[in-house]
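Peer 1: Dropping the structure in here first, questions after.
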Amino acid sequence: MDYCERLKLAAHHAENIICLGIDPVLEKIPIKEGSIKEKIVHFYAEMLEAMLEEKILPAMAKPNSAYFEQYGFEGMQALKEIIAMFKKVNVMVLIDAKRGDIGTTSAAYAKAIFEVWGADAMTVAPYMGADSIGPFTEYCKSGEGVYVLTRTSNNGAKDLQDIETKSGKKLYEVTASHIVHSWHREGIGAVVGATYPEELESLSHFFVKSGKHIPLLIPGVGSQGGSAQEVVAILKKTHNPLYLHRINSSSAINYAYLKEGSTDFAGAAVRAMKKLKEEIGMVG
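Counting from 0, one number per residue, gives the positions in the sequence shown under numbering that gives the first Met the number 0.
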């Protein structure tokens with residue numbers, strides 16, 4: 000089964016297109032007992048259990064590898080357990096690692112993410128070009144997904160991504176063109192931030208017009224200020240099927256209890272998930 004078909008089935012099973020970002024910050028985890036690994040795993044295990052009880056699972060989980068790497072070996076042990084935890088309940092896992100290097104190094108990165116960690120998808124950086132991207136998209140043949148950073152949600156995105164090339168296109172538009180043409184495999188997608196709605200609309204239109212299935216990972220909703228409702232409206236306006244895409248929310252769900260002023264971190268996460276699901280509406 001190809002990656003896009005897997006996305007469709009996952010969206011229909013979850014009845015949403017939420018990607019739950021998993022970004023552990025020990026200072027925000029209200030669990031005092033245990034090792035670093037135990038605190039992180041306990042935090043997300045309780046959250047997942049509450050979601051199962053309330054029958055609201057995300058269509059995808061997205062652990063950011065850096066948030067685990069910062070805690071050394073224990074952090075990586077926690078990552079392994081959390082991946083297994085979500086896969087056990089049939090939630091697809093995307094590792095947000097933003098890798099990219101010369102060909103042989105990219106191949107090693109890809110092997111680590113897909114074969115060692117067992118991820119269903121990952122994020123990659125396109126700056127080094129085709130021979131950097133190729134080793135990752137090889138895994139699209141076996142149904143994995145590769146999301147290329149295209150128009151990212153951060154404020155500094157414009158520093159490079161808005162540079163106008165000699166073709167007259169901006170750099171992020173050139174990246175999008177490569178995704179559709181020279182780098183294309185069924186399962187390659189793009190990271191496009193919700194914080195840039197005009198660019199999201201133009202890129203969504205471009206991808207739909209290409210006739211190819213280009214799944215979008217859309218960060219920036221919640222704490223970064225992006226609107227899920229606006230994202231959905233843009234996707235519908237450009238006739239882009241919702242089931243193919245994932246709207247990510249990380250800290251707004253992970254640490255919803257802080258905003259609520261509650262001690263029930265798992266319940267607060269569920270409430271934040273339900274609110275986001277309502278904003279997105281029917282997946283179709």
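By construction, the Cβ of each residue, glycine as well, lies at the ideal position given by its N, Cα and C atoms.
Every value quoted in this text rests on a predicted model; they were computed, and no experiment measured them.
(1) Could you tell me which uninterrupted alpha helix (DSSP H) segments, each at least 4 residues in length, are contained entirely in the stretch 125 to 204, listed from first to last along the chain?
(2) From the DSSP output, in three-state form, read off N89 for me.
(3) Once DSSP output is grouped into helix, strand and coil, what is the label at L216?
(4) Between A124 and the rest of its own chain, which residues show a CB-CB distance below 6 Å, the 5 nearest in sequence each way excluded?
(5) Distance check for I82 and I55, CA to CA, integer angstroms please.
(6) By alpha-carbon positions, which one of A44, L234, I233, L275 ends up nearest to I252?
(7) By DSSP, does L19 sit in helix, in strand, or in coil?
(8) Would you mind giving the Cβ-Cβ distance between M75 and F67, rounded to the nearest angstrom? I have them listed as a contact below 8 Å.
(9) As an exercise, report each continuous beta strand (DSSP E) stretch of at least 3 residues that is fully enclosed by the stretch 52 to 109, in chain order.
(10) Between E4 and R245, what straight-line distance do the alpha-carbon atoms span, to the nearest angstrom?
(11) Assuming A109 and P134 make a contact with CB atoms under 8 Å, what is their CB distance in whole Å?
(12) Would you say L93 and C18 are within 9 Å of each other, going by their C-beta atoms?
(13) Quick one, are the C-beta atoms of P218 and G224 less than 9 Å apart?
(14) If you reduce the DSSP assignment to three classes, tell me which class V282 lands in.
(15) Could you please give me the residues that DSSP links to I246 through a beta bridge?
(16) Which term fits K61, buried or exposed, when burial requires 16 or more other beta carbons within 10 angstroms of its beta carbon?
(17) Give the secondary structure of Y266 by DSSP, where H, G and I count as helix, E and B as strand, and everything else as coil.
(18) Cα-Cα, which of S250, L241, I101, I16 is closest to I28?
(19) To the nearest angstrom, how far is the alpha carbon of G71 from that of E37?
(20) Round the Cβ separation of E200 and I233 to the nearest angstrom and send it over; I've been treating them as touching at under 8 Å.
Peer 2: Quick look at the numbers:
(1) 129 to 136, 157 to 160, 170 to 179
(2) The residue given as residue 89 occupies position 90 in the sequence shown. Coil, per DSSP.
(3) Residue 216 sits at position 217 when you count from the first residue of the sequence shown. In the structure shown, L216 sits in a strand (DSSP, three-state: E or B).
(4) The residue given as residue 124 occupies position 125 in the sequence shown. K97, G99, L148.
(5) In the sequence shown, the residue the question calls residue 55 occupies position 56. In the sequence shown, the residue the question calls residue 82 occupies position 83. Distance between the alpha carbons of I55 and I82: 18 Å.
(6) In the sequence shown, the residue the question calls residue 252 occupies position 253. Of the candidates A44, L234, I233, L275, the residue whose Cα lies closest to the Cα of I252 is L275.
(7) In the sequence shown, the residue the question calls residue 19 occupies position 20. In this structure, L19 counts as strand in the three-state DSSP scheme.
(8) Reading the sequence shown from its first residue, position 76 is the one you call residue 75. Reading the sequence shown from its first residue, position 68 is the one you call residue 67. Contact flag correct, Cβ pair sits at about 6 Å.
(9) 59 to 62, 91 to 98
(10) One-based indexing of the sequence shown puts residue 4 at position 5. One-based indexing of the sequence shown puts residue 245 at position 246. One C-alpha to the other measures close to 14 Å.
(11) Here residue 109 corresponds to residue number 110 of the sequence shown, with the count starting at 1. Here residue 134 corresponds to residue number 135 of the sequence shown, with the count starting at 1. Contact flag correct, Cβ pair sits at about 5 Å.
(12) Position 94 of the sequence shown, counted from the first residue, corresponds to residue 93. Position 19 of the sequence shown, counted from the first residue, corresponds to residue 18. Yes. Within cutoff.
(13) As a position in the sequence shown, residue 218 is number 219, starting the count at 1. As a position in the sequence shown, residue 224 is number 225, starting the count at 1. Contact: no.
(14) By 1-based counting over the sequence shown, the position of residue 282 is 283. Of the three classes helix, strand and coil, the one that applies to V282 here is coil, per DSSP.
(15) Start at 1 with the first residue of the sequence shown, and residue 246 comes out as number 247. The partner list for I246 (beta bridge, DSSP) reads I17, I217.
(16) Here residue 61 is taken as the residue at index 62 of the sequence shown, counted from 1. Answer is buried; the Cβ neighbour count reaches 16.
(17) For the purposes of this step, residue 266 is taken as the residue at position 267 of the sequence shown. Reading the sequence as shown, one finds Gly at residue 266 and not Tyr. Of the three classes helix, strand and coil, the one that applies to G266 here is helix, per DSSP.
(18) Working through the sequence shown from its first residue, we reach residue 28 at position 29. Relative to I28, the option among S250, L241, I101, I16 whose CA is nearest is S250.
(19) Reading the sequence shown from its first residue, position 72 is the one you call residue 71. Reading the sequence shown from its first residue, position 38 is the one you call residue 37. The alpha-carbon atoms of G71 and E37 are separated by roughly 13 Å.
(20) To locate residue 200, count along the sequence shown from 1; it is residue 201. To locate residue 233, count along the sequence shown from 1; it is residue 234. Yes, E200 and I233 are in contact; Cβ-Cβ is about 5 Å, under 8 Å.
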